[in-house]
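All the letters of the sequence shown, read from the start, carry residue numbers 191 to 901 under our numbering.
Just so you know, even glycine gets a beta-carbon here, dropped at the ideal spot from N, CA and C.
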Amino acid sequence: MWVPTLLKSIEGDMRTAGLHITAEDIYSINHGSIKDAIVHFGGGCTAEVISEEGLLLTNHHCGFSVIQEHSSLENDYLKNGFWAMDKASELRNPGLTATFIIRMEDVSERVLSELASQQDLTEVQRREVVMRVGEAIAKEAVEGTHYQAVVRPFNYGNAYFLIVTETFRDVRLVGAPPSSIGKFGGDTDNWMWPRHNADFSIFRIYAGPDNKPADPSESNVPFVPRHSLPVNIGGVEEGDFAMIFGFPGSTQRYLSSYAVDYVLNTADPLRIKMRSASLAVIDAAMRNSDKTRIQYADKQAGISNAYKKWIGEVRGLKELRTLDHKREQEQVYTDMAMKRDRLDLQAVLPELKSLYEAYVPLAVSRDLFVEMVYYGPEVLRFADGFRELVEDQAKLEADGKFRTKADERAGNIHGFFKDYDASVDEQVFKALLPIYRANVPVANQPAALREIDTRFKGDSDAWVRDLYARSIFTDEARLKKALMLPSKKFAKLAAVDPAYRTARSFFRSFLEQVRPEHAVLSDRIEAAMRTYVKGMMELEPERTFWPDANSTLRLSYGKVEGSEPRDAVVYEPFTTLDGVVDKYVPGDVEFDVPERLLALHAAKDYGQYGVNGVMPVCFTSSLHTTGGNSGSPVLNGRGQLIGLNFDRTWESTMSDIQFDPEKCRNICVDVRYILFIIDKFAGAKHLVDEMKLVQREADPMPGIIELPIHR
Ligand code: ARG
Ligand code: ASP
191 MWVPTLLKSI
201 EGDMRTAGLH
211 ITAEDIYSIN
221 HGSIKDAIVH
231 FGGGCTAEVI
241 SEEGLLLTNH
251 HCGFSVIQEH
261 SSLENDYLKN
271 GFWAMDKASE
281 LRNPGLTATF
291 IIRMEDVSER
301 VLSELASQQD
311 LTEVQRREVV
321 MRVGEAIAKE
331 AVEGTHYQAV
341 VRPFNYGNAY
351 FLIVTETFRD
361 VRLVGAPPSS
371 IGKFGGDTDN
381 WMWPRHNADF
391 SIFRIYAGPD
401 NKPADPSESN
411 VPFVPRHSLP
421 VNIGGVEEGD
431 FAMIFGFPGS
441 TQRYLSSYAV
451 DYVLNTADPL
461 RIKMRSASLA
471 VIDAAMRNSD
481 KTRIQYADKQ
491 AGISNAYKKW
501 IGEVRGLKEL
511 RTLDHKREQE
521 QVYTDMAMKR
531 DRLDLQAVLP
541 ELKSLYEAYV
551 PLAVSRDLFV
561 EMVYYGPEVL
571 RFADGFRELV
581 EDQAKLEADG
591 KFRTKADERA
601 GNIHGFFKDY
611 DASVDEQVFK
621 ALLPIYRANV
631 PVANQPAALR
641 EIDTRFKGDS
651 DAWVRDLYAR
661 SIFTDEARLK
671 KALMLPSKKF
681 AKLAAVDPAY
691 RTARSFFRSF
701 LEQVRPEHAV
711 LSDRIEAAMR
721 TYVKGMMELE
731 PERTFWPDAN
741 STLRLSYGKV
751 EGSEPRDAVV
761 YEPFTTLDGV
771 VDKYVPGDVE
781 FDVPERLLAL
791 HAAKDYGQYG
801 VNGVMPVCFT
811 SSLHTTGGNS
821 GSPVLNGRGQ
831 LIGLNFDRTW
841 ESTMSDIQFD
851 PEKCRNICVD
861 VRYILFIIDK
871 FAGAKHLVDE
881 MKLVQREADP
891 MPGIIELPIH
901 R
């Protein structure tokens, strides 16, 4: 995951691997380069510009919430897809942003020299200095422009980069396939290979008449980019060079053995246990009722995505013996530090060890608090949302604001109850509570849970049942009625409500018993990691170190290739439309296939996108990716778009901690399948016409000088 400003130093290796263009063609601050087509989409995903009129390509799962937002029973875009047949029909999305990187610059020296000039800083003081210097650097960088800038830490604060960005605020939905294509295979196929979905959606960036970012408005016009990616319809072959450019969220490749031990043996297993318990309840309820299936679709997807990833991560870390390797590396580190009389480095691993001993119980408390309150029974956070009406009742009443606020709440609670089933929620609570109580140190548990023993003879199910039976927050009508009470009465009722009290108690125990010490220890771990990683670089100057992903722009390169992920298992790198039809289960939520796609398949009507009667669908490549790389472009050696990244194979999910080049593969939609769906399936050929289609081994991008080919 290379930082793009450093590509010059690996240009030779990339050329040997099959790159036909220069580092400067990929990242330049002097002229248009590929980086000018790469967008941080909505802060969490990546997208890329694929036309001179600001057309953006990203994943279906990245556009999912927007598509859902525009969907209704009459216009069910999730189910049927959406295609704007002209620009006037494109749909606006207030709040959705598209951010370009104008430039990145290593400003480590300025930040680190300021830090060095001050003695004995605590972590908190250190952070303040970094913030102050960073803000000054950022301010200078954008003076007189409409750009934004931040200074971000890399390598645990051993390096700092200035990042100057340009953010567009009018990003419209242009097209999305039906979920039966975009999310074909659902959770069953998620994180798995072979894969058969076209996980894409299309947006367009709009700018003011001056081509600069503007608030959403009628008078905005399609943005003219500095660069748009040519789309290669000539196809890809096994062994072809490939690179990915995007915004990977976070990796942790320098973790100590103590941290890996925590993830592998405590955090992941506990979170898997929690989610497996809640998914058992939710999945069964969704199978039993269509209403529940629709109500819980989105929540279930969120819970199950990480759940399935963690299972893969645990398996992968075990198979790679990551913990053993970490311990071996730490022994080597210690030996080297001793040989060189580096007392500071000799001390750092024992320090991390003792820090983790203190940290683990707090981390468990925090992680399970998050699982309980943010991914568990929804009534907790919902009830907590009424805090203002309860705690500030007297003041609100005195200011004459209580009634308006209460009516407002009464008016929008339907949004919550529409997708809520109290009996499912109650079962989720019952399923999670014993796991929570058995694993979180008692002192860190909410006081409200003591009633289980004092009033319910230790029967936590009975305690939960009582909560749901008595709470006003588990029933829409009951809550509406309560909200009509005089303010004082409402506040009194809510304050003793079992759901409200339990929610407050969860938050209080977390904020008072867990978070303060957790923060102190996290700071100390961060400081120790800074020393540890710096030591690695000093002890092994010949090794290449790339900084962990941190949601900044990165490039990784490799090849289009399959893998041998497990004993006797071989993954071929390509899937085809035949595989879609093989998986077809009429009427199934995950594996239904639209009639029209079946007809196109039966007629082999693939237009210019198929090859010899075969329609390519997905492929794998050996690119190092992580969450946030979704929607990233996969490019060939000439910088032409060949695929759209959207996932990893299950055997790759440990790559955030240890990347194994033999096993780890990212999963892409073949760009030809995307074009086929747009043109032949959806009849939106005008969008394909906007793009610049190129053939395999065609001329390099206009404006880019080709260097001699080393292949
Ligand atoms: N696994 C993909 C990534 O982590 C998300 C895929 C979304 N699709 C799904 N069926 N949940 O974001
Ligand atoms: N699906 C992930 C994303 O949304 C990508 C990954 O984790 O491989 O960014």
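query, result
"Roughly how many whole angstroms lie between the Cα atoms of Ile484 and Ala872?", "25 Å"
"So, is Pro731 buried or exposed, given that buried needs 16 or more other C-beta atoms within 10 angstroms?", "exposed"
"For the stretch 195-207 against the stretch 389-405, do three or more pairs of beta-carbon atoms, one drawn from each stretch, fall closer than 8 Å, so that the two count as touching?", "no"
"By alpha-carbon positions, which one of Ser262, Ala457, Glu578 and Ser466 ends up nearest to Lys591?", "Glu578"
"So, with DSSP's three-state summary, where would you put Thr289?", "strand"
"Would the C-beta of Thr441 count as close to ligand 2, meaning under 6 Å from any of its heavy atoms?", "no"
"With Leu745 as the anchor, note down where its beta strand (DSSP E) starts and where it stops.", "Arg744 to Lys749"
"Could you give the DSSP three-state label for Glu754: helix, strand or coil?", "strand"
"Quick check: what's the CA-CA separation for Pro284 versus Gly271?", "20 Å"
"Taking the alpha carbon of Asp379 as the point to measure from, which residue in Arg300, Gly769 and Pro776 has its own alpha carbon closest?", "Gly769"
"Taking Cβ positions, are Ser418 and Ile211 nearer each other than 7 Å?", "no"
"Looking only at its chain, what residues have a beta carbon closer than 8 Å to the beta carbon of Glu243, apart from the 5 residues adjacent to it on each side?", "Arg394, Pro412, Phe413, Val414 and Glu880"
"Could you tell me the distance, in whole angstroms, from the CA atom of Gly222 to the CA atom of Arg416?", "5 Å"
"Residue range of the alpha helix (DSSP H) that Pro551 falls in?", "Leu533 to Tyr565"
"Where the beta carbon is closer than 6 Å to any heavy atom of ligand 1, which residues qualify, in chain order?", "His251, Lys373, Gly376, Asp377, Asn380, Trp381, Ala491, Asn495, Gly817, Ser820 and Asp837"
"At what residue ranges does the stretch 326-391 contain a whole run of the beta strand (DSSP E), taking only runs of 3 or more?", "338-344, 349-358 and 360-366"
"Tell me Trp273's beta-bridge partners as DSSP assigns them.", "Gly365"
"Hey, could you find the ends of the alpha helix (DSSP H) Pro284 is sitting in?", "Careful: Pro284 lies outside any alpha helix (DSSP H) and carries neither H nor E."
"Can you tell me where the beta strand (DSSP E) with Pro806 in it begins and where it stops?", "Pro806 to Ser811"
"Give the range of the alpha helix (DSSP H) segment to which Gly833 is assigned.", "Premise fails: Gly833 lies in the beta strand (DSSP E), Leu831 to Arg838, not in any alpha helix (DSSP H)."
"Hey, would you say the C-beta of Thr248 is under 6 Å away from at least one heavy atom of ligand 2?", "no"
"Looking at C-beta atoms only, is the number of pairs between the stretch 193-200 and the stretch 259-269 that lie closer than 8 Å three or more?", "no"
"Helix, strand or coil for Arg530, going by three-state DSSP, please let me know.", "coil"
"Does the distance from the CB of Gly818 to the CB of Ser741 come in under 7 Å?", "yes"
"Just the C-alpha distance for Met805 and Thr765, rounded to the nearest angstrom, thanks.", "9 Å"
"Does the beta-carbon of Thr289, which I'm using as the reference point, lie nearer than 6 Å to any heavy atom of ligand 2?", "no"
"Within 10 angstroms of its Cβ, does Val760 collect 16 or more other Cβ (buried), or is it exposed?", "exposed"
"Pro737 lies in the beta strand (DSSP E); which residues open and close that run?", "Unbroken run through Pro737: none, as it is neither H nor E."
"For the alpha helix (DSSP H) containing Gly436, list its first residue and its last residue.", "Element bounds for Gly436: not the alpha helix (DSSP H) but the beta strand (DSSP E), Phe431 to Gly436."
"DSSP on Ile894, reduced to helix/strand/coil?", "Since pLDDT at Ile894 reaches only 48, below the 50 mark, its modelled position is unreliable, and no value is offered."
"Going by CA-CA distance only, name the one from Glu852, Phe290, Tyr565 and Asp405 that's closest to Asp757.", "Glu852"
"Across which residues does DSSP place Trp192 in a beta bridge pair?", "Leu745"
"Cβ of Thr815 versus every heavy atom of ligand 2: is any distance shorter than 6 Å?", "yes"
"Three-state secondary structure (DSSP) at Val522?", "helix"
"At what residues does the alpha helix (DSSP H) containing His708 begin and finish?", "Arg705 to Leu729"
"Tell me the rounded alpha-carbon separation between Gly324 and Val340.", "7 Å"
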